[in-house]
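J.: Residue numbers (this note's numbering), protein chains in the order written: chain A, 531 to 967; chain B, 531 to 967. From the three backbone atoms N, C-alpha and C, an ideal C-beta is built for every residue, glycine too. In this text, all values refer to a predicted model and were calculated from it rather than measured experimentally.
There are 2 protein chains.
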Amino acid sequence: MLLSKLFLPVTKNLPSDAKIKSHQLMLRAGMIKQSSAGIYSWLPLGLKIMKKIEQIVREEQNEIGAQELLMPTVQSADIWKESGRYNDYGEEMLRIKDRQGREMLYGPTNEELITDIFRTSIKSYKSLPQMLYHIQWKFRDEIRPRFGVMRCREFFMKDAYSFDIDDESAKNSYNKMFFSYLKTFKRLGLEAIPMAADTGPIGGDLSHEFIILAETGESKIYTDKKIFEIKLKNYSLNDTSLEKMIKDFSSVYAVTDDKFKKDEFDQKVSKENQMVTKGIEVGHIFYFGDKYSKPLNCFVDSKGGKKTAVKMGSYGIGVSRLVGAIIEAKYNNEIMKWPRSVSPFDVVIIPSFSKNNKENLTKSMKIYEDLKKQNIDVLLDDVDESMSQKFKKHDLIGIPYQIIVGSKSTSDKFEFKEINSESSFIDLKEIKSKLIS
Amino acid sequence: MLLSKLFLPVTKNLPSDAKIKSHQLMLRAGMIKQSSAGIYSWLPLGLKIMKKIEQIVREEQNEIGAQELLMPTVQSADIWKESGRYNDYGEEMLRIKDRQGREMLYGPTNEELITDIFRTSIKSYKSLPQMLYHIQWKFRDEIRPRFGVMRCREFFMKDAYSFDIDDESAKNSYNKMFFSYLKTFKRLGLEAIPMAADTGPIGGDLSHEFIILAETGESKIYTDKKIFEIKLKNYSLNDTSLEKMIKDFSSVYAVTDDKFKKDEFDQKVSKENQMVTKGIEVGHIFYFGDKYSKPLNCFVDSKGGKKTAVKMGSYGIGVSRLVGAIIEAKYNNEIMKWPRSVSPFDVVIIPSFSKNNKENLTKSMKIYEDLKKQNIDVLLDDVDESMSQKFKKHDLIGIPYQIIVGSKSTSDKFEFKEINSESSFIDLKEIKSKLIS
Numbered sequence: 531m532l533l534s535k536l537f538l539p540v541t542k543n544l545p546s547d548a549k550i551k552s553h554q555l556m557l558r559a560g561m562i563k564q565s566s567a568g569i570y571s572w573l574p575l576g577l578k579i580m581k582k583i584e585q586i587v588r589e590e591q592n593e594i595g596a597q598e599l600l601m602p603t604v605q606s607a608d609i610w611k612e613s614g615r616y617n618d619y620g621e622e623m624l625r626i627k628d629r630q631g632r633e634m635l636y637g638p639t640n641e642e643l644i645t646d647i648f649r650t651s652i653k654s655y656k657s658l659p660q661m662l663y664h665i666q667w668k669f670r671d672e673i674r675p676r677f678g679v680m681r682c683r684e685f686f687m688k689d690a691y692s693f694d695i696d697d698e699s700a701k702n703s704y705n706k707m708f709f710s711y712l713k714t715f716k717r718l719g720l721e722a723i724p725m726a727a728d729t730g731p732i733g734g735d736l737s738h739e740f741i742i743l744a745e746t747g748e749s750k751i752y753t754d755k756k757i758f759e760i761k762l763k764n765y766s767l768n769d770t771s772l773e774k775m776i777k778d779f780s781s782v783y784a785v786t787d788d789k790f791k792k793d794e795f796d797q798k799v800s801k802e803n804q805m806v807t808k809g810i811e812v813g814h815i816f817y818f819g820d821k822y823s824k825p826l827n828c829f830v831d832s833k834g835g836k837k838t839a840v841k842m843g844s845y846g847i848g849v850s851r852l853v854g855a856i857i858e859a860k861y862n863n864e865i866m867k868w869p870r871s872v873s874p875f876d877v878v879i880i881p882s883f884s885k886n887n888k889e890n891l892t893k894s895m896k897i898y899e900d901l902k903k904q905n906i907d908v909l910l911d912d913v914d915e916s917m918s919q920k921f922k923k924h925d926l927i928g929i930p931y932q933i934i935v936g937s938k939s940t941s942d943k944f945e946f947k948e949i950n951s952e953s954s955f956i957d958l959k960e961i962k963s964k965l966i967s
Numbered sequence: 531m532l533l534s535k536l537f538l539p540v541t542k543n544l545p546s547d548a549k550i551k552s553h554q555l556m557l558r559a560g561m562i563k564q565s566s567a568g569i570y571s572w573l574p575l576g577l578k579i580m581k582k583i584e585q586i587v588r589e590e591q592n593e594i595g596a597q598e599l600l601m602p603t604v605q606s607a608d609i610w611k612e613s614g615r616y617n618d619y620g621e622e623m624l625r626i627k628d629r630q631g632r633e634m635l636y637g638p639t640n641e642e643l644i645t646d647i648f649r650t651s652i653k654s655y656k657s658l659p660q661m662l663y664h665i666q667w668k669f670r671d672e673i674r675p676r677f678g679v680m681r682c683r684e685f686f687m688k689d690a691y692s693f694d695i696d697d698e699s700a701k702n703s704y705n706k707m708f709f710s711y712l713k714t715f716k717r718l719g720l721e722a723i724p725m726a727a728d729t730g731p732i733g734g735d736l737s738h739e740f741i742i743l744a745e746t747g748e749s750k751i752y753t754d755k756k757i758f759e760i761k762l763k764n765y766s767l768n769d770t771s772l773e774k775m776i777k778d779f780s781s782v783y784a785v786t787d788d789k790f791k792k793d794e795f796d797q798k799v800s801k802e803n804q805m806v807t808k809g810i811e812v813g814h815i816f817y818f819g820d821k822y823s824k825p826l827n828c829f830v831d832s833k834g835g836k837k838t839a840v841k842m843g844s845y846g847i848g849v850s851r852l853v854g855a856i857i858e859a860k861y862n863n864e865i866m867k868w869p870r871s872v873s874p875f876d877v878v879i880i881p882s883f884s885k886n887n888k889e890n891l892t893k894s895m896k897i898y899e900d901l902k903k904q905n906i907d908v909l910l911d912d913v914d915e916s917m918s919q920k921f922k923k924h925d926l927i928g929i930p931y932q933i934i935v936g937s938k939s940t941s942d943k944f945e946f947k948e949i950n951s952e953s954s955f956i957d958l959k960e961i962k963s964k965l966i967s
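1. Taking the runs of the beta strand (DSSP E) that are 3 residues or longer, which of them lie wholly in the region 883-930 of chain B?
2. To which residues of the same chain is A:I815 closer than 6 Å at the C-beta, ignoring the five residues directly before and after it?
3. Does the count of Cβ pairs from the region 598-612 of chain B and the region 568-582 of chain A closer than 8 Å reach three?
4. Is DSSP giving B:N862 helix, strand or coil here?
5. Give the interface partners of A:L662 over in chain B, defined as CB-CB distance under 7 Å, in chain order.
6. Nearest-angstrom Cα distance between A:F758 and A:E721?
7. Can you give me the start and stop residues for the beta strand (DSSP E) that B:E811 sits inside?
8. Under a CB-based cut-off of 8 Å, is B:Q804 close to chain A?
9. With DSSP as the reference, identify every bridge partner of B:D689, one or two as the case may be.
10. Quick test of the definition: if touching needs 3 or more C-beta pairs under 8 Å, does the region 807-827 of chain A touch the region 840-854 of chain A?
11. Measuring alpha carbon to alpha carbon, tell me which of A:D914, A:E960 and A:K836 ends up nearest A:S654.
12. Can you list, in chain order, the residues of its chain whose CB lies under 7 Å from that of A:D907, leaving out five sequence neighbours each side?
13. Given that B:T650 touches chain A, what residues does it touch there, using C-beta distances under 8 Å?
14. Whose Cβ in chain A lies nearer than 7 Å to the Cβ of B:T603?
15. Determine, using beta-carbon pairs with one atom in the region 699-713 of chain B and one in the region 763-777 of chain B, whether at least three such pairs fall under 8 Å.
16. Secondary structure at A:I857, three-state DSSP: helix, strand or coil?
17. Given that B:Q585 touches chain A, what residues does it touch there, using C-beta distances under 9 Å?
18. Ordered along the chain, which non-local residues of its own chain (more than five positions away) have a Cβ less than 8 Å from that of A:K777?
19. For B:I966, count the other beta carbons within 10 Å of its own beta carbon; 16 or more makes it buried, fewer makes it exposed. Which is it?
20. To be precise: take each residue of the region 610-632 of chain A, compare its Cβ to all Cβ atoms of chain B, and keep it if any distance is under 7 Å. Which residues remain?
21. Going by beta-carbon coordinates alone, are A:L573 and A:I562 separated by less than 8 Å?
22. According to DSSP, is B:E739 part of a helix, a strand, or is it coil?
23. So is A:K902 buried or exposed if we call it buried at 16+ other beta carbons inside 10 Å?
24. Between A:L720 and chain B, is any beta-carbon pair separated by less than 8 Å?
25. Helix, strand or coil for B:W572 per DSSP?
26. Quick one: using the 10 Å Cβ neighbour count with 16 as the cut-off for buried, is A:S884 buried or exposed?
27. Find the nearest neighbour of B:I695 within the set B:K774, B:M661, B:K923 and B:K713, judged by alpha-carbon distance.
28. Have a look at B:K947 and B:N863 and give me their C-alpha separation to the nearest angstrom.
29. Would you tell me roughly how many angstroms separate the C-alpha atoms of B:I609 and B:F669, rounded to the nearest one?
30. So is A:Y570 in contact with chain B if we call contact Cβ pairs under 8 Å?
31. Run through chain A and tell me which residues come within less than 9 Å of B:I673, C-beta to C-beta.
32. Would you mind working out which of B:K791, B:P724 and B:K808 sits nearest B:F779, comparing C-alpha positions?
33. Give the secondary structure of B:S951 by DSSP, where H, G and I count as helix, E and B as strand, and everything else as coil.
34. Which one of A:K922, A:S951 and A:S916 has the shortest CA to CA distance from A:G936?
35. If you check the beta carbons only, do A:I626 and A:Y636 fall under 8 Å apart?
36. Give the DSSP-derived three-state secondary structure of B:Y822 in the structure shown.
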């Protein structure tokens with residue numbers, strides 16, 4: 531892609547409510563544009579990143595055998611009345627009346643609707659366990675939407691649901707999701723810490739939050755540094771191994787604000803291992819047994835023939851929120867560096883040229899065509915600006931690799947730079963091998 | 531994928547309103563489930579097909595240089611008041627009040643919002659032409675939603691918008707989209723006929739509908755058979771060639787009901803070339819100049835420095851509707867055959883086995899693993915049912931190729947069948963080459 535052709539409308543005058551760095555960066559880099567309070571349009575650069583995140587989330591859900599479906603955004607109120615949540619949910623639920631006067635709503639979550647799909651479809655324990663997920667827009671009518679995509683009203687989320695015949699089997703499904711979440715965040719270049727959590731309005735018996743470290747995070751966290759020694763690669767996708775994984779994580783102290791007790795922290799964690807920092811919640815999983823299946827009559831025949839309420843869990847990852855969260859974690863000293871897995875482009879070529887001397891631009895075009903042939907997704911900055919303006923702009927766009935074509939380039943060596951590292955002069959073959967590796 | 535694991539809840543008792551064959555098939559094959567009137571959940575089989583269609587639409591939009599962004603589903607009413615359409619739109623617009631009492635709506639289309647994005651971003655003719663599109667859920671509160679996904683309330687649609695400095699340039703953008711649409715439908719296995727159309731509520735000067743032939747279609751069409759002689763491959767993506775393409779299409783008689791005049795038909799089309807049939811609209815494109823840019827103040831500096839209202843067009847393809855439209859076109863004599871490009875799987879293996887003799891199932895598992903290694907997306911029907919039940923089911927699922935492992939299979943030859951053709955006994959190597967070609 532030529533930068534001059536990319537639809538990249540940057541916001542120069544930041545609104546006063548853009549207080550956190552992800553919100554600022556996303557506006558300044560032309561990733562989003564506010565459409566109304568807490569509602570955003572995703573411009574090409576932002577959308578490309580979000581779609582990469584979405585795809586990684588999808589692949590890791592498929593990997594554990596979860597199946598993708600897609601529920602609508604607008605739901606009937608009837609099913610929420612059946613579960614008893616229609617009145618409980620309060621004003622965060624966007625309530626709608628259609629032209630016939632029927633009560634509808636914009637789904638803030640989907641426990642009711644998935645249970646309805648399940649109860650009409652699955653009748654026997656033989657079809658269990660099942661995991662279903664979808665990735666869909668949701669709406670929560672926040673009274674004060676803020677922090678850009680981090681706390682907005684219309685947001686993009688993956689929510690999954692597990693269905694099992696008993697608690698033991700349900701625990702295995704829960705563990706699989708736990709494992710899948712850690713793998714997902716790792717692929718996104720994030721180190722996520724699982725923390726035992728309150729179940730909140732979803733309800734139930736068991737819950738974990740996944741928190742990534744970020745200085746600007748909203749949650750204060752207290753953890754034993756040992757948690758970073760637990761390596762995902764030591765576990766695999768079978769029930770015994772996953773049980774051990776959960777046990778290993780649970781044995782290390784790691785809590786957020788609300789659960790923190792100083793005495794306990796000092797007693798369980800040695801001084802040198804105590805870590806107090808901030809974090810951002812990027813995922814939340816729940817096991818709630820028959821909380822929804824019972825009122826919604828989601829029963830199956832058990833082995834003995836008895837009707838049994840299906841045991842359910844729900845599992846959420848905020849996909850649009852993750853775009854902001856990654857920025858909070860990776861944007862430091864005014865320089866953004868996207869993890870390779872979600873970077874909008876693999877590499878950017880930055881030539882130094884002027885109206886009167888376009889030699890470096892011509893050279894860059896050749897490199898550009900060459901890299902494209904290797905299926906490398908390359909951006910060429912063909913905009914007529916000074917190099918310092920360009921570098922400043924690319925500090926915001928955050929593509930992790932740069933090829934700088936300036937006076938120091940020779941006929942076969944170019945300045946190749948990984949953001950936040952020293953550059954080196956290497957030939958195109960070597961550049962390609964670095965980009966493909 | 532093993533069929534026994536696929537979440538495929540078929541509807542056995544069709545609702546009385548499932549009158550057309552796509553609606554019936556989608557329920558019977560477990561592709562969708564109604565959630566409320568005119569609102570559906572897309573189950574794994576249906577979603578997989580829709581996502582393939584979406585991806586083809588996306589690739590062909592990218593191919594002509596349109597850039598993808600994503601506007602939200604919920605919009606502020608303010609911008610619709612600015613354009614003057616808020617009152618005009620009537621009850622089909624789903625109007626919403628948020629908790630602060632602000633007037634919002636679920637977008638039925640996006641001319642206003644895209645114009646708002648554009649006017650704050652682009653200031654000069656130098657940045658034109660531009661084409662932007664998104665693929666997003668939309669809502670039209672139909673008074674009588676019917677025909678399944680063909681006329682539902684919440685639907686998935688690609689809408690694109692072009693921005694040009696003058697009519698001539700705008701015409702070129704229009705022609706590119708025209709070309710892109712024909713290519714898109716061709717890749718979807720459909721023969722679409724472009725027909726001059728009324729502009730309707732979108733307004734404007736120029737408009738074409740794209741209609742595919744289907745006996746059960748809603749529109750009656752009258753055309754000269756010569757239209758099928760115009761071959762897309764004779765045109766390419768440059769202004770002159772595309773102008774010729776439009777001219778060639780426009781010179782052949784092809785109209786829907788509302789524009790049909792018998793005298794004209796008889797006069798312009800020889801008897802043997804007259805074709806009267808039915809069709810389904812799958813795309814609609816509009817050129818409307820400054821109809822929206824003027825009231826919404828979307829001006830750019832022209833070459834001479836004068837402020838000029840941008841010339842716009844809009845271009846829609848109903849992605850969820852296409853799933854139904856393809857079924858209407860390809861489901862005949864109770865047998866569905868998906869075009870390869872959008873088939874839910876590349877091939878299905880159907881073994882004949884029983885509880886007491888699973889030899890063919892074991893054999894099939896080997897073929898299954900082998901094909902998967904070649905990145906062939908294969909479904910194995912491991913459900914314990916009679917072969918006649920299986921064939922009936924696969925007539926609905928519509929995977930175009932079947933490998934039948936029964937008594938006639940030998941150690942290295944299997945019955946390979948393309949739906950609606952004779953089967954033959956060939957070895958696995960030959961099967962693979964047919965599937966990969």
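T.: Let me lay it out:
1. 908-910
2. M707, H738 and Y845
3. yes
4. strand
5. F537
6. 9 Å
7. Q804 to G819
8. no
9. B:H664 and B:G846
10. yes
11. A:K836
12. F875 and D876
13. P539 and K563
14. T603, W667 and E684
15. yes
16. helix
17. Residues of chain A passing the Cβ test: none, with the nearest at roughly 11 Å.
18. none
19. exposed
20. E621, L624, I626, D628 and R629
21. yes
22. strand
23. exposed
24. no
25. strand
26. exposed
27. B:M661
28. 17 Å
29. 17 Å
30. yes
31. R629 and Q630
32. B:P724
33. coil
34. A:S916
35. yes
36. coil
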